[in-house]
Amino acid sequence: PVDCVFSWAGCNDKPLRKDVHVHTADTKHMTLLAVACGQLKKENEQIKEEYQEMKQENQKL
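Going letter by letter, the sequence shown gives residues 26 to 86 in this note's numbering.
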């Protein structure tokens, strides 16, 4: 068994090497990717806000 290439997105399956292509084609990965994408978008927005706050603080200095 090998780790799924989508393990970073939450897939905990360990398909056999010969079955990886079949496993990877499973539509459940789209759901995992959608959730991961949503989380990354939120993180990106938070980082942008923090950056703007830091930028404003630096301008005061």
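Glycine included, C-beta positions come from ideal geometry on N, C-alpha and C.
Once the 5 residues before and after residue i are set aside, which same chain residues still bring their CB inside 8 Å of it?
i, result
"Gln64", "none"
Under three-state DSSP, which class holds residue i?
i, result
"Leu65", "helix"
"Ala50", "coil"
"Lys80", "helix"
"Val30", "coil"
For residue i, which residues of its own chain have a beta-carbon under 7 Å away from its beta-carbon, when the five flanking residues on both sides are left out?
i, result
"Cys36", "Cys29, His54, Leu57"
For the candidate residues the options, whose alpha-carbon lies nearest to that of residue i?
i, options, result
"Asp44", "Ala34, Lys73, Val27", "Val27"
Which same chain residues end up closer than 6 Å to residue i when comparing Cβ atoms and leaving out the 5 residues on each side of it in sequence?
i, result
"Ala34", "Leu57, Leu58, Ala61"
Thinking C-beta only, is residue j closer than 8 Å to residue i?
i, j, result
"Asp38", "His46", "no"
Within the present structure, is the beta-carbon of residue i separated from the nearest heavy atom of the ligand SAM by less than 7 Å?
i, result
"Asn37", "Looking at this structure, you won't find the ligand SAM or any other ligand, since it has none at all."
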